[in-house]
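J.:
4 protein chains.
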Amino acid sequence: MSIKLILTGGTIDKHYNESNGALGFKETHIPGLLKLGRNRSDIEIEKTMLKDSLEMTYFDRQTILKVCTASQQNKIIITHGTDTIVETAAVLGKEKIDKTIVLVGAMIPFVFKHSDAEFNMGFALGAVQCLPHGVYVAMNGKVFDWDSVVKNREQGIFEMLTQNTEKIGGWQLKTIIFMVLSL
Amino acid sequence: MSIKLILTGGTIDKHYNESNGALGFKETHIPGLLKLGRNRSDIEIEKTMLKDSLEMTYFDRQTILKVCTASQQNKIIITHGTDTIVETAAVLGKEKIDKTIVLVGAMIPFVFKHSDAEFNMGFALGAVQCLPHGVYVAMNGKVFDWDSVVKNREQGIFEMLTQNTEKIGGWQLKTIIFMVLSL
Amino acid sequence: MSIKLILTGGTIDKHYNESNGALGFKETHIPGLLKLGRNRSDIEIEKTMLKDSLEMTYFDRQTILKVCTASQQNKIIITHGTDTIVETAAVLGKEKIDKTIVLVGAMIPFVFKHSDAEFNMGFALGAVQCLPHGVYVAMNGKVFDWDSVVKNREQGIFEMLTQNTEKIGGWQLKTIIFMVLSL
Amino acid sequence: MSIKLILTGGTIDKHYNESNGALGFKETHIPGLLKLGRNRSDIEIEKTMLKDSLEMTYFDRQTILKVCTASQQNKIIITHGTDTIVETAAVLGKEKIDKTIVLVGAMIPFVFKHSDAEFNMGFALGAVQCLPHGVYVAMNGKVFDWDSVVKNREQGIFEMLTQNTEKIGGWQLKTIIFMVLSL
Chain H
177 MSIKLILTGG
187 TIDKHYNESN
197 GALGFKETHI
207 PGLLKLGRNR
217 SDIEIEKTML
227 KDSLEMTYFD
237 RQTILKVCTA
247 SQQNKIIITH
257 GTDTIVETAA
267 VLGKEKIDKT
277 IVLVGAMIPF
287 VFKHSDAEFN
297 MGFALGAVQC
307 LPHGVYVAMN
317 GKVFDWDSVV
327 KNREQGIFEM
337 LTQNTEKIGG
347 WQLKTIIFMV
357 LSL
Chain X
177 MSIKLILTGG
187 TIDKHYNESN
197 GALGFKETHI
207 PGLLKLGRNR
217 SDIEIEKTML
227 KDSLEMTYFD
237 RQTILKVCTA
247 SQQNKIIITH
257 GTDTIVETAA
267 VLGKEKIDKT
277 IVLVGAMIPF
287 VFKHSDAEFN
297 MGFALGAVQC
307 LPHGVYVAMN
317 GKVFDWDSVV
327 KNREQGIFEM
337 LTQNTEKIGG
347 WQLKTIIFMV
357 LSL
Chain C
177 MSIKLILTGG
187 TIDKHYNESN
197 GALGFKETHI
207 PGLLKLGRNR
217 SDIEIEKTML
227 KDSLEMTYFD
237 RQTILKVCTA
247 SQQNKIIITH
257 GTDTIVETAA
267 VLGKEKIDKT
277 IVLVGAMIPF
287 VFKHSDAEFN
297 MGFALGAVQC
307 LPHGVYVAMN
317 GKVFDWDSVV
327 KNREQGIFEM
337 LTQNTEKIGG
347 WQLKTIIFMV
357 LSL
Chain U
177 MSIKLILTGG
187 TIDKHYNESN
197 GALGFKETHI
207 PGLLKLGRNR
217 SDIEIEKTML
227 KDSLEMTYFD
237 RQTILKVCTA
247 SQQNKIIITH
257 GTDTIVETAA
267 VLGKEKIDKT
277 IVLVGAMIPF
287 VFKHSDAEFN
297 MGFALGAVQC
307 LPHGVYVAMN
317 GKVFDWDSVV
327 KNREQGIFEM
337 LTQNTEKIGG
347 WQLKTIIFMV
357 LSL
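Chains H, X, C and U supply the protein sequences, listed in that same order.
The C-terminal residue of the first sequence carries number 359 in the working numbering, and the numbering is unbroken.
The C-terminal residue of the second sequence carries number 359 in the working numbering, and the numbering is unbroken.
The C-terminal residue of the third sequence carries number 359 in the working numbering, and the numbering is unbroken.
The C-terminal residue of the fourth sequence carries number 359 in the working numbering, and the numbering is unbroken.
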């Protein structure tokens, strides 16, 4: 059973730039994380981009979609920034791809002592191997369907959508607004 | 969806005893690990014992079996030493309990810098939520059926049983011998 | 033997802000670092500010100077950002205070897995207890006199001033320019 | 200024043996620790042995003494187990070698998340560069003279000898007894 792991960046993969003291991207830390976890499942890694998810564009999401569609594996994990992970999940979910796609990120980069990256990547890898086809967001030890999850920014957690969330044609209203604005 | 987490000890939960410089058990580290992973899934923890799995007896395994049978949750994770995780899995697997039971451990204790504990616990939590009923061992980023897994002690990894493994009535011969000896 | 520890912020004490994904300051990590190091020497901590050292002003440096002068202890450690640690050392060094003052920082914040903070703080604490009166910068496992050290920004290391460094009245020319600009 | 670093093992350098789950010695972790601390002072490492200090013999201590005496550097750090660090310090101290010798260890091995090894090694390196000739034990952020330090095993800390400690010819009585027994 082979798994595709698509890297897009996000908090989980941020790097400390010593020369300017800022967090950014350089090389991915995910292969190191998988080695730490002593992973031996067959994972094919494809780095599509290393970006803060707030800077992801419509075209970036189309790129991710194409990689998912073209993937020979029907089990796919996508590392992603948490700020717009729900938006990318919606882009993929709408396409009804006949694969299991799990999006995952972290609240604290892997390079920090108190990171949730190892736990989250393990979680996503466990979930993707066992879930039926569909698009999911895996955070906080929970698996969410792509169309019923929201990031609670105040608390830094992911939650089930409440009944009251405004939706249009299956999309969360805030997701639609976000994606129109980022075009 | 509530999950039962049964603690039995094992390498994952070992503690450094400063006064004698040895690894042993004191308090469990698993709640701290789950907090680090920012887990928010509903987990009920029950500590049955904190033991090196080489010291587990027939009666210890019967205790674990009883806790699984009595559990109100039908999703169960068991933290366990890797040396006899396959044996305990066999004891549970033989009972055909109508629940999803995932046994998990670590090669390096959580308290070490280079531990696989966070990744493995995340993995087990992802798997237990999505797997059909049955008994599984989750290690090395893989889910193994209880009756087709073996620990390769030379390499410190878990592998699928080969065709050649001697089995009697569905049990691995080495598991039977081990359990007879530990009576 | 009591030691004064003056906190001013800098990379060593940076904190990850989960809500915006940036590094900044919140509470100091130094007491936690000292506890990790099992320090039992008598240290009195005074937080003067928590700042990126590029944002330190003339007035901030005067504040630090006043705290040093007023300190009842004649052994003083100052945690400081590395970008202008040489400038602050010069301000203090010029005053010929009859105390041992060691400035220290880190290239990687304490909260990162690969931080040099623990090593550097230990180093500064060892040095301050044994050095004669004077002002020093302690980085990279070396003790530098305040008037003969320079940060090599390209390599992220501290070095002895070469003979060729332009100095006016004992000050490095670049230090003078920096401090005039930051007035 | 060149420094000699003599490795003898001890808790600081213990290694986790995955195959038997015990702590022991394999390769030293000290060069990695110095790299983490971004050390750039000129250190020459000599590994004399990697031993639990409870297993050190009279002959081991003579070996360490010879390496100290023969060392071209007059600043020497010795990594050592904490259980008999005071005894080895006494053997060296009695010789009145005209060098600065600092013995250091850790209560928690470097490979643990909560280790004091980085802090302690930094501390020893800071102290050795500034102390006058003599033999010292550096632990808990303090520098102790070799003949006035004792390990409080109950609390896992190092303390100044009290007036009441029984001494014969400058040696602690318990040190003499220990060394006679270990002959």
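C-beta atoms are modelled at their ideal positions from N, C-alpha and C, and glycine is treated no differently.
1. CB-CB under 7 Å to alanine 300 (chain X), same chain, minus the five flanking residues each way: which ones, in chain order?
2. Only counting the same chain, and skipping five residues up and downstream in sequence, which positions put a Cβ closer than 6 Å to that of asparagine 316 (chain C)?
3. Any idea what DSSP makes of glutamate 361 (chain C), helix, strand or coil?
4. Have a look at threonine 338 (chain X) and valine 325 (chain X) and give me their C-alpha separation to the nearest angstrom.
5. Just checking: is the beta-carbon of phenylalanine 295 (chain H) within a distance shorter than 9 Å of some beta-carbon in chain A?
6. So is alanine 246 (chain H) buried or exposed if we call it buried at 16+ other beta carbons inside 10 Å?
7. With distances taken from CA atoms, which of X:Asp189, X:Ile182, X:Leu183, X:Gly185 is nearest proline 132 (chain X)?
8. Give the single residue among C:Gln248, C:Leu357, C:Arg237, C:Phe288 whose Cα lies nearest to the Cα of threonine 184 (chain C).
9. Output yes if chain U places a C-beta closer than 9 Å to the C-beta of leucine 212 (chain C); else output no.
10. Quick one: measure Cβ to Cβ for alanine 265 (chain X) and cysteine 306 (chain H), integer angstroms, because I've assumed they're closer than 8 Å.
11. On the DSSP bridge list, what partners appear for tryptophan 322 (chain U)?
12. So which residues on chain C does alanine 303 (chain U) lean against when the C-beta distance must stay under 8 Å?
13. Could you tell me which chain U residues have their CB closer than 9 Å to the CB of arginine 329 (chain X), listed as they occur along the chain?
14. Would you check if the distance between the CB atom of isoleucine 206 (chain X) and the CB atom of threonine 239 (chain X) is smaller than 9 Å?
15. Step through the CB atoms of chain X and report whether any lies within less than 9 Å of the CB of methionine 232 (chain H).
16. Checking 9 Å against the spacing of the C-beta atoms, do serine 229 (chain H) and glycine 257 (chain H) come in under that value?
17. If you follow the beta strand (DSSP E) that threonine 336 (chain H) is in, where does it begin and where does it stop?
18. I'd like the list of long-range same chain contacts for glutamate 203 (chain X), defined as Cβ closer than 6 Å, with 5 residues on each side in sequence excluded.
19. Is the CB of threonine 245 (chain U) under 9 Å away from at least one CB in chain X?
20. Does glycine 298 (chain C) get closer than 9 Å to chain U when you measure Cβ to Cβ?
21. Which chain U residues sit within Cβ distance under 7 Å of tyrosine 192 (chain X)?
22. Starting from the beta carbon of leucine 199 (chain H), find every residue of chain C whose beta carbon is closer than 9 Å, and list them in chain order.
23. Mark threonine 233 (chain X) as exposed unless 16 or more other C-beta atoms lie within 10 angstroms of its C-beta, in which case mark it buried.
24. Identify the continuous alpha helix (DSSP H) that holds lysine 152 (chain C) and give its terminal residues.
25. Return the residues of the segment 202-228 of chain X that lie within a Cβ-Cβ distance of less than 9 Å from chain H, sorted by chain order.
26. List the endpoints of the continuous beta strand (DSSP E) containing alanine 246 (chain C).
27. In this structure, what does DSSP give as the bridge partners for glutamate 220 (chain X)?
28. Jot down the residue ranges of each uninterrupted alpha helix (DSSP H) in the segment 260-327 of chain U, minimum 4 residues, whole runs only, in chain order.
29. Taking 9 Å as the threshold (C-beta atoms), are arginine 214 (chain C) and phenylalanine 295 (chain U) in contact?
30. Give a yes or no on whether 9 Å exceeds the smallest Cβ distance from serine 291 (chain X) to chain H.
31. Going along chain U in order, which residues have a C-beta closer than 8 Å to the C-beta of valine 319 (chain C)?
32. With a CB to CB cut of under 7 Å and the five nearest residues on each side skipped, what residues in its chain are close to leucine 349 (chain H)?
33. Nearest chain X C-beta to isoleucine 333 (chain H) closer than 9 Å, yes or no?
34. Residues of chain C with a CB under 9 Å from the CB of asparagine 316 (chain U): which are they?
35. In the structure shown, what three-state DSSP assignment does lysine 202 (chain U) receive?
36. Against chain H, does threonine 255 (chain C) count as a neighbour if the rule is that its beta carbon must be under 9 Å from one of theirs?
T.: Once the coordinates are examined:
1. On the second sequence, position 124 is the one that residue 300 (chain X) refers to. Answer for alanine 300 (chain X): Ile253, Val278, Val280, Ala314, listed in chain order.
2. Position 140 of the third sequence, counted from the first residue, corresponds to residue 316 (chain C). Ile333, Phe334.
3. The requested residue 361 (chain C) does not occur in the structure, where chain C is confined to residues 177 to 359.
4. Along the second sequence, one-based indexing puts residue 338 (chain X) at 162. Along the second sequence, one-based indexing puts residue 325 (chain X) at 149. Approximately 9 Å between the Cα atoms of the pair.
5. The chain labelled as chain A is not found among the protein chains of the depicted structure, namely H, X, C and U.
6. Mapped onto the first sequence, residue 246 (chain H) falls at position 70. Alanine 246 (chain H) should be labelled exposed.
7. Residue 132 (chain X) is absent from the model: chain X starts at 177 and stops at 359.
8. The residue given as residue 184 (chain C) occupies position 8 in the third sequence. Considering only alpha carbons, the answer is C:Arg237.
9. The count along the third sequence starts at 1 and reaches residue 212 (chain C) at position 36. It does; some Cβ of chain U falls within 9 Å.
10. Locating residue 265 (chain X) in the second sequence gives position 89, where the first residue counts as 1. Locating residue 306 (chain H) in the first sequence gives position 130, where the first residue counts as 1. For alanine 265 (chain X) against cysteine 306 (chain H), the beta-carbon gap comes to about 17 Å, at or over 8 Å, which does not count as contact.
11. Stepping through the fourth sequence from its first residue, residue 322 (chain U) is reached at position 146. Its beta-bridge partners do not exist; DSSP assigns none.
12. Here residue 303 (chain U) refers to the residue found at position 127 when the fourth sequence is read from its first residue. Chain C residues near alanine 303 (chain U): Gly302, Ala303, Gln305, Cys306.
13. In the second sequence, the residue the question calls residue 329 (chain X) occupies position 153. Neighbours of arginine 329 (chain X) on chain U, chain order: Ser195.
14. Within the second sequence, numbered from 1, the residue matching residue 206 (chain X) stands at position 30. Within the second sequence, numbered from 1, the residue matching residue 239 (chain X) stands at position 63. Not a contact, by the Cβ cut-off of 9 Å.
15. In the first sequence, counting from the first residue as 1, residue 232 (chain H) sits at position 56. Chain X, which has no Cβ nearer than 9 Å to the Cβ of methionine 232 (chain H), makes this no.
16. Counted from its first residue, the first sequence places residue 229 (chain H) at position 53. Counted from its first residue, the first sequence places residue 257 (chain H) at position 81. Yes.
17. Position 160 of the first sequence, counting from 1, holds the residue named residue 336 (chain H). Looking at the sequence shown, residue 336 (chain H) is not threonine but methionine. Its beta strand (DSSP E) spans residues 333-336.
18. Taking the second sequence and counting its residues from 1, the one referred to as residue 203 (chain X) is at position 27. If we look at glutamate 203 (chain X) and ignore the five residues flanking it on each side, it has no Cβ neighbours.
19. Translated into positions along the fourth sequence, residue 245 (chain U) becomes position 69. It does not; no Cβ of chain X falls within 9 Å.
20. Here residue 298 (chain C) corresponds to residue number 122 of the third sequence, with the count starting at 1. Yes - at least one Cβ of chain U is within 9 Å of the one on glycine 298 (chain C).
21. What you label residue 192 (chain X) is simply residue 16 of the second sequence in a count that begins at 1. Annotation: Cβ neighbours of tyrosine 192 (chain X) in chain U (cutoff 7 Å, chain order): Ile284, Phe288.
22. Here residue 199 (chain H) is taken as the residue at index 23 of the first sequence, counted from 1. What leucine 199 (chain H) touches in chain C: Tyr192, Gly197, Ala198, Leu199.
23. Position 57 of the second sequence, counting from 1, holds the residue named residue 233 (chain X). Flag for threonine 233 (chain X) reads exposed.
24. With chain C covering 177 to 359 only, the question about residue 152 (chain C) has no answer from this structure.
25. Leu209, Leu210, Leu212, Gly213, Arg214, Asn215, Arg216, Ser217, Ile219
26. To locate residue 246 (chain C), count along the third sequence from 1; it is residue 70. Run containing alanine 246 (chain C): none in the beta strand (DSSP E); it sits in the alpha helix (DSSP H), 234-246.
27. If you number the second sequence from 1, residue 220 (chain X) lands on position 44. Looking at the DSSP assignment, glutamate 220 (chain X) forms a beta bridge with X:Lys180.
28. 261-269, 293-304
29. For this step, residue 295 (chain U) is matched to residue 119 along the fourth sequence. For this step, residue 214 (chain C) is matched to residue 38 along the third sequence. Contact: yes.
30. What you label residue 291 (chain X) is simply residue 115 of the second sequence in a count that begins at 1. Answer yes: the Cβ-Cβ gap between serine 291 (chain X) and chain H drops below 9 Å somewhere.
31. Here residue 319 (chain C) refers to the residue found at position 143 of the third sequence. What valine 319 (chain C) touches in chain U: Gly302, Gln305, Cys306.
32. Along the first sequence, read from residue 1 onward, the residue named residue 349 (chain H) stands at position 173. In chain order, Glu342, Lys343 place their CB closer than 7 Å to the CB of leucine 349 (chain H), counting only its own chain and leaving out the 5 sequence neighbours on each side.
33. Within the first sequence, the letter at position 157 stands for residue 333 (chain H). Closer than 9 Å to some Cβ of chain X, the Cβ of isoleucine 333 (chain H) qualifies, so yes.
34. Position 140 of the fourth sequence, counting from 1, holds the residue named residue 316 (chain U). Neighbourhood of asparagine 316 (chain U) in chain C, by CB distance below 9 Å: Gly213, Arg214, Asn215, Arg216, Ser217, in chain order.
35. Walking along the fourth sequence from the start, residue 202 (chain U) turns up at place 26. DSSP places lysine 202 (chain U) in coil when its eight states are reduced to three.
36. What you label residue 255 (chain C) is simply residue 79 of the third sequence in a count that begins at 1. Not one chain H Cβ lies under 9 Å of threonine 255 (chain C).
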